[in-house]
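**Student:** This is the structure I want to talk about, given as structure tokens.
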Amino acid sequence: MAEFLMPSLGADMQSGKLLEWLVKPGDVVKRGQVIAVVGTEKGDIEVEVFEEGVVRALLAAPGAEMPVGAPIAVIEAVGEAGKVAAPAAMPAAEAKMAAAPTPAVKAAEPVARAANGHRIRVSPLARKLAAELGVDLSQVQGTGPQGAIDKADVERAAAALKAQREAQQAAPAQVAEAPPSPAKPVDKSSAEFQAGMRRAIALAMARSNRDIPHYYLETRINMAKALAWLEAENLKRPIQNRLLPAVLLIKAVAKALTHVPQLNGYWVDDALQVAEAIHIGFAIALRQGGLVTPAIHHADLKSADELMETLRDLIMRTRAGRLRSSELTDATITVTSLGDMGVEKVFGVIYPPQVALVGFGKVTEEVWVENGMIGVRPVVHATLAGDHRATDGRTGAEFLDVLNRLLQEPEALFNA
């Protein structure tokens with residue numbers, strides 16, 4: 583028997599709220615299967631299981647706030663059936679939870695139906711929340727994939743409904759003239775989420791600044807060849823399949839890490855643990871404020887189309903609050919780009935336990951001297967924040983040099 587623990591979904595996470603079980607006792611689970619939804623200050627995260635087995639008990643009820651590392655389920659691994667006696671006695675509180683009838687978690691249909699018979703796509707969590715808040719799903723505008731309704735859509739609709747009811751109750755019945763237009767209601771749930779997000783980021787960055795001795799390096803990279811390749815490549819594609827410049831930068835960083843692997847890993851137990859796989863954490867800004875850096879798995883092995891598809895999917899699901907736990911915990915290095923905001927240089931803060939962060943600014947036209955000739959070139963400022971416990975400036979300089987050379991041969995990035 584193995585206890586399934588409340589996962590740590592970031593260096594800043596201390597506890598999580600179990601929102602929903604997607605399995606019940608007796609269900610067979612496979613590696614990578616999503617079995618629960620956990621609420622954190624960075625959103626609602628789909629939690630995966632990383633072993634095959636049978637769910638024997640659910641130790642936490644939906645709505646329970648559980649500390650990181652606390653057992654929330656018992657899973658019997660494949661091959662243990664019939665070999666293991668009854669599990670050891672649990673603490674009284676857990677035994678009561680396990681003994682209580684566990685409501686079967688029905689896999690909600692991906693669609694509901696409006697009064698006119700048209701289908702409504704809605705996530706299981708959003709459907710449950712709508713029932714609790716009394717929200718009519720047929721009146722909710724979905725912002726998820728293919729117009730699906732997600733948790734944030736229901737919360738916005740509930741806040742608007744509440745504000746409308748309060749305004750109606752407050753309006754004098756005797757007033758004949760039309761009242762002035764009411765101020766736009768404040769979405770309390772959105773404000774609380776943003777405050778929680780800022781608090782989580784502050785805790786992680788405070789830890790980073792306190793524990794990690796940062797060093798910073800910067801270089802200028804001539805992007806003329808890279809942008810010319812990108813333009814030519816996009817001319818071959820329909821508009822919906824065209825590549826963003828971020829695809830080139832992410833691929834170049836991933837390939838550079840194969841040459842300088844010391845920057846790809848974690849600082850754990852006072853030692854550098856170099857990761858074999860290269861999972862690029864790409865910083866994505868949320869519309870309601872805050873930042874999340876989900877991982878692009880095996881970025882060095884993906885084609886241009888695969889990277890673009892993964893990036894598009896991650897941005898959509900991050901802003902809809904539908905990331906998986908592995909996407910929040912697997913990143914081996916972070917890449918952040920603020921060029922679209924007009925920023926020319928980014929000096930980032932390393933997200934622990936990672937040991938490096940790469941930043942890119944805006945591509946600007948700058949004076950460039952090459953072969954004794956003065957000209958103007960599109961230039962990007964690339965920066966590296968490194969953990970001095972794990973590497974030194976020479977290692978960081980080697981990485982930036984490799985990164986520069988790779989971007990001078992963009993066609994080779996996806997052919998190797």
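Residue numbers (this note's numbering): 583 to 998.
Quick reminder that beta carbons are idealized off the backbone N, C-alpha and C, glycines included.
Since we're looking at a predicted model, the values are computed, not measured.
Does the beta-carbon distance from L600 to A618 come in below 8 Å?
**Tutor:** Position 18 of the sequence shown holds residue 600. Position 36 of the sequence shown holds residue 618. Yes, Cβ-Cβ distance for L600 and A618 is below 8 Å.
**Student:** Is H963 helix, strand or coil by DSSP?
**Tutor:** Here residue 963 corresponds to residue number 381 of the sequence shown, with the count starting at 1. Correct three-state label for H963: strand.
**Student:** Does the beta-carbon distance from A859 to E909 come in below 8 Å?
**Tutor:** Counting from one through the sequence shown, the residue named residue 859 turns up at place 277. Counting from one through the sequence shown, the residue named residue 909 turns up at place 327. No.
**Student:** Tell me the residue span of the beta strand (DSSP E) that contains F864.
**Tutor:** Start at 1 with the first residue of the sequence shown, and residue 864 comes out as number 282. Run containing F864: 862–864, per the beta strand (DSSP E) assignment.
**Student:** Taking 7 Å as the limit between beta carbons, can you name the residues of its chain near N986, skipping five residues before and five after?
**Tutor:** Position 404 of the sequence shown holds residue 986. Excluding sequence neighbours, N986 sits near T801, I803.
**Student:** Measure how close the beta-carbons of L839 and N846 come, nearest whole angstrom, since I'm counting them as under 8 Å.
**Tutor:** For the purposes of this step, residue 839 is identified with residue 257 of the sequence shown, where counting begins at 1. For the purposes of this step, residue 846 is identified with residue 264 of the sequence shown, where counting begins at 1. Their Cβ separation, rounded to whole angstroms, is 4 Å, which keeps L839 and N846 in contact under 8 Å.
**Student:** Looking at L743 and V717, is the spacing between their C-beta atoms short of 8 Å?
**Tutor:** For the purposes of this step, residue 717 is taken as residue 135 along the sequence shown, with counting starting at 1. For the purposes of this step, residue 743 is taken as residue 161 along the sequence shown, with counting starting at 1. Yes, these two residues count as a Cβ contact at 8 Å.
**Student:** What does DSSP give as the partner residues of F586 in its beta bridges?
**Tutor:** Position 4 of the sequence shown, counting from 1, holds the residue named residue 586. F586 is bridged to A655.
**Student:** I'd like the span of the alpha helix (DSSP H) that includes A639, first residue to last.
**Tutor:** Against the sequence shown, residue 639 aligns to sequence position 57. Counting along the chain, A639 falls outside any alpha helix (DSSP H), though it belongs to the beta strand (DSSP E) covering 635–640.
**Student:** What are the boundary residues of the alpha helix (DSSP H) that includes K599?
**Tutor:** Locating residue 599 in the sequence shown gives position 17, counting from the first residue. No alpha helix (DSSP H) holds K599; the beta strand (DSSP E) holding it covers 597–603.
**Student:** Ordered along the chain, which non-local residues of its own chain (more than five positions away) have a Cβ less than 7 Å from that of N698?
**Tutor:** Locating residue 698 in the sequence shown gives position 116, counting from the first residue. For N698, the pLDDT reaches just 43, beneath the cut-off of 50, and the residue's location in the model is therefore unreliable, although a value from the coordinates is still provided. Excluding residues within five positions, none has a Cβ falling inside 7 Å.
**Student:** Rounding to the nearest angstrom, what Cα-Cα distance links H963 and D912 in this structure?
**Tutor:** For this step, residue 963 is matched to residue 381 along the sequence shown. For this step, residue 912 is matched to residue 330 along the sequence shown. Spanning the two alpha carbons is a distance of roughly 27 Å.
**Student:** For my contact list, G608 and V631 are in at a C-beta cut-off of 8 Å; report their separation, rounded to the angstrom.
**Tutor:** To locate residue 608, count along the sequence shown from 1; it is residue 26. To locate residue 631, count along the sequence shown from 1; it is residue 49. Contact flag wrong, Cβ pair sits at about 15 Å.
**Student:** Which residue marks the beginning of the alpha helix (DSSP H) containing S908, and which one marks its end?
**Tutor:** The sequence position of residue 908 within the sequence shown is 326, counting from 1. Element bounds for S908: 907–911.
**Student:** Could you please give me the residues that DSSP links to H970 through a beta bridge?
**Tutor:** Here residue 970 refers to the residue found at position 388 of the sequence shown. Per DSSP, none; premise fails for H970.
**Student:** Buried or exposed, going by whether 16 or more other CB atoms sit within 10 Å of the CB of K833?
**Tutor:** In the sequence shown, the residue the question calls residue 833 occupies position 251. When all chains shown are included, K833 counts as buried.
**Student:** Answer with buried or exposed for F539, where buried requires no fewer than 16 other C-beta atoms within 10 angstroms of its C-beta.
**Tutor:** Only positions 583 to 998 of the chain appear in this structure, which leaves residue 539 out of reach.
**Student:** Buried or exposed, going by whether 16 or more other CB atoms sit within 10 Å of the CB of H970?
**Tutor:** Reading the sequence shown from its first residue, position 388 is the one you call residue 970. By the 10 Å Cβ count, H970 comes out exposed.
**Student:** To which residues of the same chain is I794 closer than 6 Å at the C-beta, ignoring the five residues directly before and after it?
**Tutor:** The residue you call residue 794 lines up with position 212 of the sequence shown. So the list reads I932, D969, once near-sequence residues are dropped.
**Student:** Which same chain residues end up closer than 7 Å to P827 when comparing Cβ atoms and leaving out the 5 residues on each side of it in sequence?
**Tutor:** Taking the first residue of the sequence shown as position 1, residue 827 is located at position 245. The residues are L812.
**Student:** Using the Cβ count rule (16 or more neighbours within 10 Å means buried), how would you classify I821?
**Tutor:** In the sequence shown, the residue the question calls residue 821 occupies position 239. Burial call: exposed.
**Student:** Quick check: the segment 786–793 against the segment 944–961, are at least 3 beta-carbon pairs closer than 8 Å?
**Tutor:** No, they do not touch.
**Student:** Is G598 closer than 8 Å to G614 when the C-beta atoms are compared?
**Tutor:** The count along the sequence shown starts at 1 and reaches residue 614 at position 32. The count along the sequence shown starts at 1 and reaches residue 598 at position 16. Their beta carbons are not under 8 Å apart, which means G614 does not touch G598 by this criterion.
**Student:** Can you give the beta carbon distance from V656 to A639, rounded, assuming they're within the 8 Å contact cut?
**Tutor:** Counted from its first residue, the sequence shown places residue 656 at position 74. Counted from its first residue, the sequence shown places residue 639 at position 57. Going by Cβ atoms, the distance from V656 to A639 rounds to 4 Å, so yes, they are a contact pair.
**Student:** Grab the span of the beta strand (DSSP E) containing T801 for me, first residue to last.
**Tutor:** Walking along the sequence shown from the start, residue 801 turns up at place 219. Taken as a continuous stretch (DSSP letters only), the beta strand (DSSP E) holding T801 covers 796–804.
**Student:** Please report how far the alpha carbon of H700 lies from the alpha carbon of E926, in whole angstroms.
**Tutor:** Residue numbering aside, residue 700 sits at position 118 when the sequence shown is read from its first letter. Residue numbering aside, residue 926 sits at position 344 when the sequence shown is read from its first letter. For H700, the predicted structure reports a pLDDT of 46, less than 50, and the residue's modelled location is therefore unreliable. A value from the coordinates is still provided. The straight-line gap from Cα to Cα measures roughly 49 Å.
**Student:** So, K733 versus D626, is the Cβ gap smaller than 8 Å?
**Tutor:** Here the question's residue 733 lines up with position 151 in the sequence shown. Here the question's residue 626 lines up with position 44 in the sequence shown. Yes, the pair counts as a contact, with Cβ atoms nearer than the cut-off.
**Student:** Between P653, A806, V611, I915, which has its C-alpha nearest K837's C-alpha?
**Tutor:** Residue mapping note: residue 837 aligns to position 255 of the sequence shown, counting from 1. The shortest C-alpha separation from K837 is found at I915.
**Student:** Per DSSP, E947 is paired with what?
**Tutor:** Here residue 947 refers to the residue found at position 365 when the sequence shown is read from its first residue. DSSP, once it has assigned bridges, lists P960 as partnering E947.
**Student:** Pull the bridge partners of T875 from the DSSP assignment, please.
**Tutor:** Here residue 875 refers to the residue found at position 293 of the sequence shown. According to DSSP, T875 bridges with nothing at all.
**Student:** By DSSP, does D732 sit in helix, in strand, or in coil?
**Tutor:** Translated into positions along the sequence shown, residue 732 becomes position 150. Here D732 sits in coil by DSSP.
**Student:** Pop quiz: F864 and L893 are said to be a contact at Cβ under 8 Å. What is the actual Cβ separation, rounded to whole angstroms?
**Tutor:** Position 282 of the sequence shown, counting from 1, holds the residue named residue 864. Position 311 of the sequence shown, counting from 1, holds the residue named residue 893. Indeed, because the Cβ distance is near 7 Å, the residues count as touching under 8 Å.
**Student:** In the DSSP output, which residue or residues are listed as bridge partners for A834?
**Tutor:** Taking the sequence shown and counting its residues from 1, the one referred to as residue 834 is at position 252. Paired residue(s): none; A834 is not in a bridge.
**Student:** For the alpha helix (DSSP H) holding M890, just list the boundary residues, first then last.
**Tutor:** Against the sequence shown, residue 890 aligns to sequence position 308. Segment 886–902, the alpha helix (DSSP H) holding M890.
**Student:** Grab me the residues of H796's own chain with a C-beta within less than 6 Å of its C-beta, minus the 5 sequence neighbours each way, in chain order.
**Tutor:** Counting from 1 along the sequence shown, the entry for residue 796 is found at position 214. Correct list, in chain order: A967.
**Student:** Counting along the chain, where does the alpha helix (DSSP H) carrying D983 start and finish?
**Tutor:** As a working note, residue 983 is residue 401 in the sequence shown. Per DSSP, D983 belongs to the alpha helix (DSSP H) from 975–989.
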